[in-house]
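Data first, discussion second: the structure below is written as structure tokens.
Residue numbers (our numbering): 1286 to 1602.
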């Protein structure tokens, strides 16, 4: 985000809230968003989050979640500019420890019980089945821009996934299906002395809750279905839908969730890059990320080429 725009957003937020800033520091910054802690003249502090598209809807969703009584930070105010968002929320302080598996299960169950928001993107069975084809279209658009040029293997993986997507997407709308956090990582579940709160709602969608559960383990390490199985069982024990354990798309729930989560993640990187949200200097890194995710997805969803070895659930994800 342009530094002048970021400063203007912060100034507007503080003026609207009637606060004066005395200091602050960066908590996290990346290409599309930044999170700062601001110290105020009354001795308190707030979190200021700035984001560009496609994350500019987070404040409206956070306001809705506040109205629902969800365990999320309180939204103090926000401001919108074309393609940019600034918002002030509670400062939850530094987390006291990482969340436990039981806390993750309870948080996911609570999120999936919240009535969904019509404005959010929805990933039902038909939409999920179209993701590989949409990712291929985004890749073609990037090629026309002179970007992501050495991606023959990625194209092959997407074509293989597209060939099986129709039947592998079966069961996507089985419970749990509804509001999903979208970035349900350990860093998103903030544990403090007053309880836990879910932060970072910029990727929220309506869809299969199993994708949230699969997200908990990330995509940078080897897939470990046994870990996800334990989380699913903890989720059901916390009051989540027992259908979370059910097979779908001809695959065990764990394998289905891990595979489709990786397809979704790769689709997200390619479509946001094609829309201009990622700068060209990130292309080589994102190419490696997308390849890693799709390679694991093809094995998990059994989209291997004819004559290849069977499923390898411990392939790097």
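Ideal placement from N, C-alpha and C gives every residue a C-beta, glycine not left out. Values in this document were obtained by computation on a predicted structure and should not be read as measured data.
Asked: Separation of residue 1323 from residue 1297, as counted between CA atoms; Found: 14 Å
Asked: Beta-carbon proximity list for residue 1436, same chain, < 7 Å, skipping 5 on both sides; Found: 1424, 1572
Asked: Alpha-carbon spacing of residue 1584 relative to residue 1524, whole angstroms; Found: 31 Å
Asked: Supposed close pair residue 1513, residue 1550 - CB separation, criterion 8 Å; Found: Going by Cβ atoms, the distance from residue 1513 to residue 1550 rounds to 15 Å, so no, they are not a contact pair.
Asked: 6 Å CB neighbourhood of residue 1442 in its chain, flanking five on each side removed; Found: 1579, 1583
Asked: Residue 1326 Cβ short of 7 Å to the ligand SAM heavy atom set; Found: Here there are no bound small molecules, and the ligand SAM is not part of this structure.
Asked: Inside the stretch 1352 to 1433 only - alpha helix (DSSP H) runs reaching at least 4 residues; Found: 1386 to 1397, 1410 to 1429
Asked: C-alpha distance - residue 1343 paired with residue 1581, whole-angstrom precision; Found: 30 Å
Asked: Start-to-end residues for the alpha helix (DSSP H) that takes in residue 1335; Found: Per DSSP, residue 1335 belongs to no alpha helix (DSSP H); it is in the beta strand (DSSP E), 1330 to 1337.
Asked: First and last residue of the uninterrupted alpha helix (DSSP H) at residue 1545; Found: 1538 to 1559
Asked: Residue burial classification, residue 1367 (beta-carbon count within 10 angstroms, cutoff 16); Found: exposed
Asked: Alpha carbon of residue 1310 to alpha carbon of residue 1330, nearest angstrom; Found: 11 Å
Asked: Presumed contact (8 Å Cβ cut-off) between residue 1517 and residue 1530, rounded CB distance; Found: 6 Å
Asked: Cα-Cα separation, residue 1371 to residue 1336; Found: 7 Å
Asked: Buried or exposed by the 16-neighbour rule on C-beta atoms within 10 Å, applied to residue 1430; Found: exposed
Asked: Sequence-distant residues of its chain with Cβ nearer than 7 Å to residue 1389 (five each side left out); Found: 1474, 1501, 1516
Asked: Of the listed residues 1426, 1590, 1380, nearest to residue 1483 (C-alpha basis); Found: 1380
Asked: Of the residues 1558, 1450, 1288, the one placed nearest residue 1411, counting alpha carbons only; Found: 1450
Asked: Three-way DSSP call (helix, strand, coil) for residue 1451 in this model; Found: helix
Asked: Cβ-based burial, residue 1601 [other Cβ within 10 Å; buried from 16]; Found: Any reading at residue 1601 must be qualified, since the residue scores a pLDDT of 36, below 50, and its modelled position is unreliable; no value is offered.
Asked: Span separating the alpha-carbon of residue 1320 from that of residue 1333; Found: 6 Å
Asked: Exposure label - residue 1461; buried when at least 16 CB within 10 Å; Found: buried
Asked: 8 Å CB neighbourhood of residue 1399 in its chain, flanking five on each side removed; Found: 1350, 1353, 1355, 1463, 1464
Asked: Beta-carbon proximity check, residue 1498 vs residue 1545, cutoff 8 Å; Found: no
Asked: Status (buried if at least 16 other CB within 10 Å, exposed otherwise) for residue 1506; Found: exposed
Asked: N-terminal and C-terminal residue of the alpha helix (DSSP H) that residue 1293 is part of; Found: 1288 to 1302
Asked: Check whether residue 1419 and residue 1553 have beta carbons under 8 Å apart; Found: no
Asked: Residue burial classification, residue 1347 (beta-carbon count within 10 angstroms, cutoff 16); Found: buried
Asked: The beta strand (DSSP E) enclosing residue 1583, as first and last residue numbers; Found: It is not in any beta strand (DSSP E) - residue 1583 instead sits in the alpha helix (DSSP H) that spans 1568 to 1585.
Asked: Where residue 1527 falls, given that 16 or more other Cβ within 10 Å makes a residue buried; Found: exposed
Asked: Among 1493, 1563, 1569, 1577, the one whose alpha carbon lies nearest that of residue 1539; Found: 1493
Asked: Supposed close pair residue 1454, residue 1413 - CB separation, criterion 8 Å; Found: 4 Å
Asked: Alpha-carbon to alpha-carbon, residue 1487 and residue 1445; Found: 30 Å
Asked: Per-residue burial, residue 1403 [other beta carbons within 10 Å of its own, 16 or more giving buried]; Found: exposed
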